[in-house]
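Just so you know, the sequences run in chain order A and B. Mapped onto this note's numbering, the consecutive letters of the first sequence carry residue numbers 47 to 469. Mapped onto this note's numbering, the consecutive letters of the second sequence carry residue numbers 47 to 469. In this text, a Cβ means the ideal position worked out from N, Cα and C, and glycines have one as well.
Number of protein chains: 2
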Amino acid sequence: MPHIESWVPVPAGSDFSIYNLPYGAFSRPVSPARLGIAIGTQILDLHAVASAGLLDDICDRRVFLGGTLNAFLAEGREVWRRTRLRIAALLRTDEAGDPRLRALDTAKFLVNQRDVRMLLPIEIGDYVDFYSSIEHATNLGRIFRPNGEPLMENWRHLPIGYHGRASTVVIDGTPVVRPSGQRRPPGSSAPVFGPSTRLDIELEIGFVTGPGNAMGTAIPTSRAREHIFGLVLVNDWSARDIQAWEYQPLGPFLGKSFATTVSPWIVPLDALDPFALPSPAQDPQPLPYLQAGGRWAYDINLEVDLQTKRMRDAGIAPQTISRTNYKELYWNMAQQLAHVTINGTAIRPGDLYASGTISGSTADSCGSLIELTWNGERPIVLPDGERRTFLEDGDTIALRGWCAAGDFRIGFGSARGTISPAR
Amino acid sequence: MPHIESWVPVPAGSDFSIYNLPYGAFSRPVSPARLGIAIGTQILDLHAVASAGLLDDICDRRVFLGGTLNAFLAEGREVWRRTRLRIAALLRTDEAGDPRLRALDTAKFLVNQRDVRMLLPIEIGDYVDFYSSIEHATNLGRIFRPNGEPLMENWRHLPIGYHGRASTVVIDGTPVVRPSGQRRPPGSSAPVFGPSTRLDIELEIGFVTGPGNAMGTAIPTSRAREHIFGLVLVNDWSARDIQAWEYQPLGPFLGKSFATTVSPWIVPLDALDPFALPSPAQDPQPLPYLQAGGRWAYDINLEVDLQTKRMRDAGIAPQTISRTNYKELYWNMAQQLAHVTINGTAIRPGDLYASGTISGSTADSCGSLIELTWNGERPIVLPDGERRTFLEDGDTIALRGWCAAGDFRIGFGSARGTISPAR
């Protein structure tokens, strides 16, 4: 990639280089939500940019004046591409730049990320969670069915998934109240009620959709790119004890529905193109509607950081408890979208489709505590001597994700949540 | 109940007596959606009523000027109650009536149901489908696990449910395209792709929510009534072959997500009060958070009508293939809502929570074809000699539901759908 300078300074190691330009929503105190694009430590205020007429040749400026991205998502790929190029041009300093923004009072177009609260930038229509990491599905099979085949018979034939709860998708930093519910203690015939004692995380990446399809029609893998806008980090918090008791025969429900945390920035697929790779081989070859040409794997580094309250109080930095990568996912986004719609299901702009837990092939590259501690048998030992199998009150989990090449970095920010005691 | 006359004529046997006053959304050709209330063969135009100032002392008239009920649902029970009393007063002819509407040009406030298209009256946030009929769950257990206990161990302890697809909830009369997908033929190790060959229905009733709760808090059964606005008929179309292959371990997904049909009218719970009954006994007694006092069963007659294309072409009336009643449902609405929120899940105005298939205890009172035909072993014989196990292209299913007492009736209209060939 050519080196491009932005007139907004980008500190070394920032997630938000000019190659990224992710979209989010923010609010200043007592102001309504606005859309913005992260650059370095700043946010470029899209409301201000659009109001100055700098996007009027691309689409109706009202697309940028609301508090969510849904109208922009509905515009489709050509508008996304032209907007991205324009924003880059307005920010770059070389001769390919567009000098109009710099000629104005730039302070009116930028806001410091420290001074705002980030908000969920999409109204989510439907939220689907897949189960697309073969390592994760295999690990869970080994833990729960130690004497059987770890993978179920259908797993290699279709991207298993289910509908999750849209109303409780929250932004980075939102506290997560420990859920209460029914669980059945080992050896007991009847359930008991109380706060979950096996509160877990799931490290995932989700894609956010653009234009929808008409109900009754499908989106083939060859057209998936037109319908996928970008990616976010997703933590699919999971209460394993509630889930274990409830999930037969209709799947996870209250074990998952209490909270799902996403990163504040949606990174456009266009920004991630330099990091696209061929997907892993699939055996057996999937049915034709699931065959996807092109480069649908993305080399995105992922990590999970844990900091307990005791660590925080003692000034001990968060401990990275897992490092993995999105690129090994068995089922890719194009296949997931083709599968969701093959029965005629309608998608809408702003749907969220999460990957499922992303686990690598080693013990320290798993995306959930149930795998990292092997169902609680091997506690994680933290720098201050604390041990963790599942999460305790006051624990903070932060997911991070980024692509890096040479001197630039394209990152997602973080998806953090701290566990509050059960009510 | 006292006899009340409406100045809008209500034909004998109409679903829409003055005791009903259900809410819906309609559009005339080239006009935007409006809210309305069914009365006899007419619709009282709520946009017109509100614009005439006849509801201004109850709440901001803008609540009634949009095309969906969500703002009204958010207002809460006192506004619902006062609006209902006002509409009844504006329509009744006795001395308890409010003469203001009759004094105006009433033609401007009424539209014939024949002249409009009905639209989905709510923007559905989350759609949940329960599994709350013990007869249905037992029947499916007997069919799929003939040598085991028909009911799973958790079934009597909690209202099993899962999240369904919100984007494909459609209104009465919308064609249903036969879904395609993967299924595994008996005896085969690999799946095949094609149109579903086991397309089924599920006769259900759903409740629509009013004001939401804050995330992290629960709605106890004692407060459920404040959060439940009214009921609709629901047909949870199901492709049994797709469902059977996909549903382990995360539950139904593409076997259900292609379409869910609801009746056009939301019948307020206040209208159904005269038909409320104590819920059936539960054994074992549920955990305290699921104990619900009050009368949460409703005596709603339900039927499923089937008309094939050949019957339609020959002028043969639809055949009623099942008659049942909502009142026997094991888990009631208050319990369902308390369960959904016990882990802190947020509900929102306009969520839809369906009961799950409602089956009675006899062979002809089941709410699905898989039960009525015992997994296809006992075809239904139709008046023209045709046989049905599962649905064929051109078949029309109509669900109907009503309460009846003396000279009045409170009905839901119908939830109809005709199967179009797979694309």
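Chain A contact residues for residue i, given Cβ-Cβ distances below 7 Å
i	result
B/Met-261	Thr-214
B/Asp-172	Arg-211, Ala-212, Ser-213
Sequence-distant residues of the same chain with beta carbon closer than 7 Å to residue i, five excluded per side
i	result
B/Arg-421	With the sequence shown as reference, residue 421 of chain B is identified as Asn, and Arg is not the correct amino acid for it. The answer, listed in chain order, is Ile-189.
A/Asn-378	Ser-325, Ala-338, Trp-342, Ala-343
A/Leu-418	Ile-367, Ser-368, Cys-412, Ile-426
B/His-385	Leu-204, Pro-205, Leu-336
A/Ile-362	Pro-429, Asp-430
Same chain, Cβ closer than 6 Å to residue i, neighbours up to 5 away in sequence not counted
i	result
A/Gly-457	Asp-61, Trp-448
B/Leu-437	Leu-245, Ile-465
A/Thr-307	Val-216, Asn-281, Ala-461, Gly-463
B/Arg-446	Glu-349, Ser-460
A/Arg-123	Glu-272
A/Pro-225	Ser-242, Ala-285, Phe-304
A/Phe-253	Ile-274, Leu-277, Met-379, Tyr-399
Other residues of its chain near residue i: CB distance less than 8 Å, five sequence neighbours each side excluded
i	result
B/Gly-297	Tyr-208
B/Asn-259	Ile-265, His-273, Thr-387, Ala-392, Ile-393
B/Ile-133	Leu-67, Ile-83, Leu-90, Val-95
A/Phe-321	Tyr-344, Asp-345, Ile-346, Cys-449, Ala-451, Ile-456
A/Ala-153	none
For residue j and residue i, the rounded distance between their alpha carbons
i	j	result
B/Glu-199	B/Ser-234	31 Å
A/Ser-407	A/Glu-181	6 Å
B/Gln-228	B/Arg-469	15 Å
B/Asn-193	B/Asp-345	34 Å
B/Ser-242	A/Ala-270	24 Å
A/Asp-287	A/Arg-455	39 Å
B/Arg-127	B/His-49	20 Å
B/Gly-99	B/Leu-115	18 Å
B/Arg-80	B/Ser-309	17 Å
B/Leu-323	B/Asp-172	28 Å
B/Leu-166	B/Asp-106	23 Å
B/Asn-371	B/Leu-249	10 Å
B/Pro-330	A/Pro-364	46 Å
A/Arg-109	A/Phe-275	What sits at residue 109 of chain A in the sequence shown is Val, not Arg. Each residue's Cα considered, the two are about 15 Å apart.
A/Gly-440	A/Asp-218	16 Å
A/Ser-414	B/Thr-214	32 Å
A/Arg-163	A/Arg-74	6 Å
A/Ala-71	B/Ser-268	38 Å
B/Thr-87	B/Gln-381	36 Å
A/Glu-143	A/Ala-149	The amino acid at residue 143 of chain A is misidentified as Glu; the sequence shows Gly. Each residue's alpha carbon lies about 12 Å from the other.
B/Phe-118	B/Arg-160	25 Å
B/Ile-416	A/Pro-257	36 Å
B/Trp-311	A/Ile-443	45 Å
B/Val-125	B/Leu-315	14 Å
Partner residues on chain B for residue i, Cβ-Cβ distance less than 8 Å
i	result
A/Ala-392	Ser-213, Thr-214
A/Ser-303	His-209, Val-386, Asn-389, Thr-391
A/Ile-288	Asn-389
When the options are compared against residue i, the one with the closest alpha-carbon
i	options	result
A/Thr-403	A/Leu-150, A/Arg-148, A/Thr-184	A/Thr-184
B/Asp-453	B/Ala-58, B/Val-54, B/Ser-52, B/Ser-268	B/Ala-58
A/Asp-175	A/Ala-409, A/Ile-251, A/Gly-113	A/Ile-251
A/Tyr-69	A/Ala-380, A/Ser-303, A/Asp-172, A/Gly-396	A/Gly-396
B/Leu-131	B/Ala-153, B/Asp-103, B/Gln-365, B/Arg-163	B/Asp-103
B/Leu-279	B/Gly-210, B/Pro-257, B/Ser-401	B/Ser-401
A/Val-56	A/Ala-117, A/Thr-139, A/Ser-97	A/Thr-139
B/Arg-211	B/Leu-136, B/Gly-187, B/Asn-158, B/Trp-283	B/Trp-283
B/Ser-63	B/Pro-145, B/Ala-317, B/Phe-239, B/Gly-262	B/Ala-317
B/Pro-231	B/Leu-92, B/Pro-221, B/Val-222, B/Glu-292	B/Glu-292
B/Leu-92	B/Leu-136, B/Glu-51, B/Tyr-65	B/Leu-136
Under 8 Å by beta carbon: chain A residues contacting residue i
i	result
B/Tyr-376	By Cβ distance, chain A contributes nothing, its closest Cβ being about 15 Å from B/Tyr-376, past 8 Å.
B/Gly-459	Neighbours of B/Gly-459 on chain A: none; closest Cβ ~22 Å, over 8 Å.
B/Gly-207	Leu-296, Phe-299
Closer than 9 Å at the beta carbon, the chain B residues around residue i
i	result
A/Met-198	Gln-294, Pro-295
Interface partners of residue i on chain B, CB under 7 Å
i	result
A/Val-223	Gly-262, Gly-390
A/Phe-239	Leu-333, Tyr-335
A/Leu-204	Gln-228, Glu-292
C-beta neighbour in chain E for residue i, strict 8 Å
i	result
A/Tyr-372	Absent from the structure is chain E; the protein chains it does hold are A and B.
Listed by chain order, chain A residues near residue i by CB distance under 9 Å
i	result
B/Tyr-34	One cannot answer for residue 34 of chain B here, as it falls past the ends of chain B, which runs 47 to 469.
B/Arg-469	Gly-262, Thr-263, Ala-264, Gly-390
Inset, instruction - Only counting runs of 3 or more residues, tell me where the beta strand (DSSP E) segments fall wholly within the segment 208 to 260 of chain A, in order along the chain. - result: 215 to 217, 226 to 229, 238 to 241, 249 to 255
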